[in-house]
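Here the UniProt record's numbering is used: the first residue of the sequence shown is 1, the next is one more, and so on. Ideal Cβ placement from N, Cα and C applies to all residues, glycine included. These notes are about the structure you will find just below.
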Amino acid sequence: MADPLERYNAKRDFTRTAEPAGTLEPGKGNSFIVQKHDATRLHWDFRLEVDGVLKSWAVTRGPSLDPDEKRLAVRTEDHPLSYATFEGTIPEGQYGGGTVMLWDRGTWSPVAGKSAKDLEDGHLHFILDGERMKGEWLLVRMKPRAKEKRENWLLRKVADAQAGGTDTLTDQALTSVATGRTMAQIAEGKPPKKTPTRKPKVAARKAKAKNGTLPEFRSPALCTLVDQVPAGNGWLHEIKYDGYRALIAIGGGKAQVFTRSGLDWSAKFPGIVAAAADLPVTSALIDGEIVAFKNGRPDFSTLKDAIGTDRPMSLFAFDLLSLDGEDLTGLPLVQRKERLRGIIPKGDETIQFAEHITGSGEALFDKLCAEGLEGIVSKRADSRYPNGRSRDWLKIKCLRRQEFVIVGWLPSDKARRGLKSLLLGVNRDGKLAYAGKVGTGFTQQRMAELRALLDARTRKTTPVEAPRAMVRGAHWVRPDLVAEIAFTETTPDGLLRHPSFIGLREDKPADQVVEERPAPVPSPEASAITITHPYRVIFPDSDLTKGDLADYVAKLAPLMLPWVARRPVSLVRCPQGRARACFFQKHDAGSFGSQVHSIPIREKDGGTEPYLYVEDAEGLRACIQMGSIEFHGWGSSIATLEQPDRMIFDLDPDPSVSFDDVKRAAVHIHDQLAELGLTSFAMLSGGKGVHVVVPLTPQAEWPAVSNFAERFAKALAQGDPARFVAVATKAKRQGRIFIDWLRNQRGATAVMPYSARARAGAPVAAPVAWRELDKVDTAARWTIRDAEELLERAASAGLRGWGVADQILPDV
1 MADPLERYNA KRDFTRTAEP AGTLEPGKGN SFIVQKHDAT RLHWDFRLEV DGVLKSWAVT
61 RGPSLDPDEK RLAVRTEDHP LSYATFEGTI PEGQYGGGTV MLWDRGTWSP VAGKSAKDLE
121 DGHLHFILDG ERMKGEWLLV RMKPRAKEKR ENWLLRKVAD AQAGGTDTLT DQALTSVATG
181 RTMAQIAEGK PPKKTPTRKP KVAARKAKAK NGTLPEFRSP ALCTLVDQVP AGNGWLHEIK
241 YDGYRALIAI GGGKAQVFTR SGLDWSAKFP GIVAAAADLP VTSALIDGEI VAFKNGRPDF
301 STLKDAIGTD RPMSLFAFDL LSLDGEDLTG LPLVQRKERL RGIIPKGDET IQFAEHITGS
361 GEALFDKLCA EGLEGIVSKR ADSRYPNGRS RDWLKIKCLR RQEFVIVGWL PSDKARRGLK
421 SLLLGVNRDG KLAYAGKVGT GFTQQRMAEL RALLDARTRK TTPVEAPRAM VRGAHWVRPD
481 LVAEIAFTET TPDGLLRHPS FIGLREDKPA DQVVEERPAP VPSPEASAIT ITHPYRVIFP
541 DSDLTKGDLA DYVAKLAPLM LPWVARRPVS LVRCPQGRAR ACFFQKHDAG SFGSQVHSIP
601 IREKDGGTEP YLYVEDAEGL RACIQMGSIE FHGWGSSIAT LEQPDRMIFD LDPDPSVSFD
661 DVKRAAVHIH DQLAELGLTS FAMLSGGKGV HVVVPLTPQA EWPAVSNFAE RFAKALAQGD
721 PARFVAVATK AKRQGRIFID WLRNQRGATA VMPYSARARA GAPVAAPVAW RELDKVDTAA
781 RWTIRDAEEL LERAASAGLR GWGVADQILP DV
């Protein structure tokens, strides 16, 4: 039998390379690894354990989460299992000479009905459970061309919940999963970091976790039932899950699960409690829904059976009320959800982030109803966390469902211990009223359980007034059991049509069971802010008006607020339009009204001044009413004012420099930051340059961030003086690009994502993926006329997670 490692050993001189010698070992399991390999050309080596060796492919541009992206994967020689831990430098002149990083690791399995033997036929459909690569993937062998010696395959992501942006993985996963080192640190031979983690913030929080306190329970926000999906881009739409509403309190390394009425049900959901206690927070209060799945769909009966057992359950987290002692209920929903997304581990099955879409709610509703799901929940994107039931949170059901009180039962004609139907009641006008009967939806086991509960509640008199003919022979019970019932509609006298029993609800008291009637969906409410002179032309070169700008900001508010809200802002105000006098305003002079807020901030001279900030869409609109066009913000929020949460490198070119040169410079800076282990994102400034945005965990203070930015920019300028300059003097910029690092000083501002610019054509600052930057021909590619396209782009896989990364400044 041929040695499968013969080619591997023949290519290497083990007296010169630290790679392990190829010794065939018994199969250990179903591991996979990926090694980032900077050899003649940078590539990612993808390896699957099969029959005691690592089957290997060189993926030239790295794995992509985009299902439409097929990555070339060149088959290489089998590697020994011992290679799975190799990280280091292969000497120059040796086969594969260059730096090798252990980039990902985990386990793999073929999908149901498939096996590793499919590789012999040129394809493999499999599931990965790695630290970075997850979900379903495909490997497909390409038909060989004439005289082609190498075996070319394609690696592609299958569309599933783990799908994402084209280059998200390769752009953001920059350090070793084993040692936490960058490629440069591995090449330099630096020792592994003491805490090898991709998320330093997690380790820091874990160290403090024991000091956190459990937040107190507070009543959760409730939805209003309406009869149709609200229209417009001011709404976020989520799946309506078929489960138990829960608030999860986390603190001191512990967690508690509360029902919506405040009952402590931690003992019923031990898996949720354990997963929540392990989240990277000091303390938090999370709102969500606990579900169990049957045939791929949330199913309430399955959840009931799973309670108190070790059967799998999931919490879909959809809101964050507090985090590390900070009350978040006053933030817009879009900001709360972004904060929530940052603490939910990707790929975790027990606690999952409840995704949403902006706009297009009707299409989502139709799709979910066709799939047999319960419906959707629609929430105002800019709303604060509601107190009780509100019109900011709406629910739209495919099939009507609600809770009813069990008031009695009718015996079965066939079984002595069975029952024919349950008699139901509901609170109407402060009084328990008869709502009809339900006789379907019971299993034999559920029927026996119900009889035991009902027999223990027997009473002689009826708790409701009901037509005698309908309840003849009834056994009445104490009205404290609550059942969830599905039905099509109610009759004019309030009785259920086509009801079906779903299950008992132990999380809601009987006295809170009131009749739900779908209300008309709220029409777009008049804003509290009136836009005066809406037809005033403020962009004379394109005939765009103040009203056009107000409409743009209203539509884009869900995208702007995660970046603008609760951050000190400087406004470019042009009361008579951009062609007239414009000026910056950062201090509150009391003229904006109650929708725009202020915070006292210490200035260099030791005094304090009131700085402007907004919290919601009304705040943005109030700024537009006062003649504002541009929104510029600090690099920190008012919550962590002295610790920046991002770093900006603004590429400001001399007029003689082409935009193509600016784009190439931005990519170069992105690559240099990646060498330091920092993820960065590109944003068109809406003017003539590109911003390279580096998100930061708000941990380092302003002097450290400013110092790092200055040293980085000056190092680039020293390394390529014909291309870059790091000083602001215009005379020194001729033919070069100024790397404006000064945006990273305390009090300095940069234009916010999706802000309009007071420039010809009304351009906007627009996020772009690195992959698409090369195709853009101007920094003013999008304008306020392109609101719908910008909304669609923001929801695309390519921009998913734009501007979000959990990282600290490297120690360089």
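Could you name the residues of the same chain whose beta carbon sits closer than 6 Å to that of residue i, not counting the 5 residues immediately before and after it, in chain order?
i	result
residue 552	784, 787
residue 665	651, 737
residue 714	726
residue 150	74
residue 541	760
If I measure Cβ to Cβ from residue i and keep anything under 7 Å in the same chain, skipping five residues before and after, which residues do I get?
i	result
residue 91	16, 17, 97
residue 207	Bear in mind that a pLDDT of 41 at residue 207, under 50, signals an unreliable position, so the model cannot answer this.
residue 316	241, 288, 289, 291, 352, 354
residue 639	326, 566
residue 781	684, 766
residue 187	89, 99
residue 574	538, 580, 582, 627, 629, 758
At the level of alpha carbons, what is the spacing between residue i and residue j?
i	j	result
residue 268	residue 314	13 Å
residue 447	residue 414	13 Å
residue 680	residue 739	15 Å
residue 813	residue 236	What is shown of the chain runs 1 to 812, which leaves residue 813 out entirely.
residue 352	residue 730	50 Å
residue 224	residue 520	10 Å
residue 808	residue 326	21 Å
residue 157	residue 66	6 Å
residue 99	residue 676	15 Å
residue 799	residue 683	11 Å
residue 764	residue 757	6 Å
residue 318	residue 337	7 Å
residue 48	residue 362	43 Å
residue 750	residue 42	34 Å
residue 634	residue 391	33 Å
residue 350	residue 303	14 Å
residue 220	residue 284	14 Å
residue 84	residue 59	17 Å
residue 548	residue 534	8 Å
residue 270	residue 252	17 Å
residue 470	residue 452	24 Å
residue 109	residue 121	17 Å
residue 670	residue 692	7 Å
Apply the 10 Å Cβ neighbour rule to residue i and answer buried if 16 or more other Cβ atoms are within range, or exposed otherwise.
i	result
residue 532	exposed
residue 5	buried
residue 404	buried
residue 734	exposed
residue 101	buried
residue 107	exposed
residue 630	buried
residue 595	buried
residue 752	buried
residue 195	With a pLDDT of 44 at residue 195, under the threshold of 50, the modelled position of that residue is not reliable, and the figure given next carries that caveat. Residue 195 is exposed by the Cβ-count criterion.
residue 440	exposed
residue 576	exposed
residue 525	Annotation note: pLDDT 49 at residue 525 (below 50); position unreliable, coordinate value reported separately. So residue 525 ends up on the exposed side.
residue 587	exposed
residue 584	exposed
residue 200	Low confidence applies to residue 200: its pLDDT is 36, below 50, so where it sits in the model is not reliable, and the reading given next is rough at best. Buried, by the Cβ-count rule.
Please work out which residues of its chain come closer than 8 Å, Cβ to Cβ, to residue i, disregarding the five sequence neighbours upstream and downstream, and give them in chain order.
i	result
residue 507	244, 245, 259, 260, 261, 263, 265
residue 217	247, 249, 258, 262
residue 563	633, 752, 753, 754, 803
So, is the C-beta of residue i closer than 7 Å to a C-beta in chain C?
i	result
residue 248	Judged by its chain identifiers, the structure shown contains no chain C, having just a single protein chain.
Which whole-angstrom value is the C-beta distance of residue i and residue j, which I expect to be below 8 Å?
i	j	result
residue 614	residue 569	7 Å
residue 103	residue 177	7 Å
residue 818	residue 779	Only positions 1 to 812 of the chain appear in this structure, which leaves residue 818 out of reach.
Return yes when at least one heavy atom of the ligand NAP lies under 6 Å from the C-beta of residue i, else no.
i	result
residue 381	The ligand NAP is absent from the structure shown, which contains no ligands of any kind.
Should the region 477 to 496 be called in touch with the region 453 to 461, which here means at least 3 C-beta pairs below 8 Å? Contact annotation: the region 477 to 496 touches the region 453 to 461, with at least three C-beta pairs closer than 8 Å.
Would you call the region 303 to 312 in contact with the region 276 to 289, where contact means no fewer than 3 C-beta pairs closer than 8 Å? no
Please determine if the region 470 to 477 and the region 396 to 412 are in contact, where contact requires at least 3 C-beta pairs separated by less than 8 Å. Yes: at least three Cβ pairs fall under 8 Å.
Is the region 509 to 520 close to the region 764 to 775, with three or more CB pairs under 8 Å? no
Three or more C-beta pairs under 8 Å: does that hold for the region 421 to 435 against the region 492 to 501? With a cut-off of 8 Å, the region 492 to 501 and the region 421 to 435 count as touching, because enough Cβ pairs lie within range.
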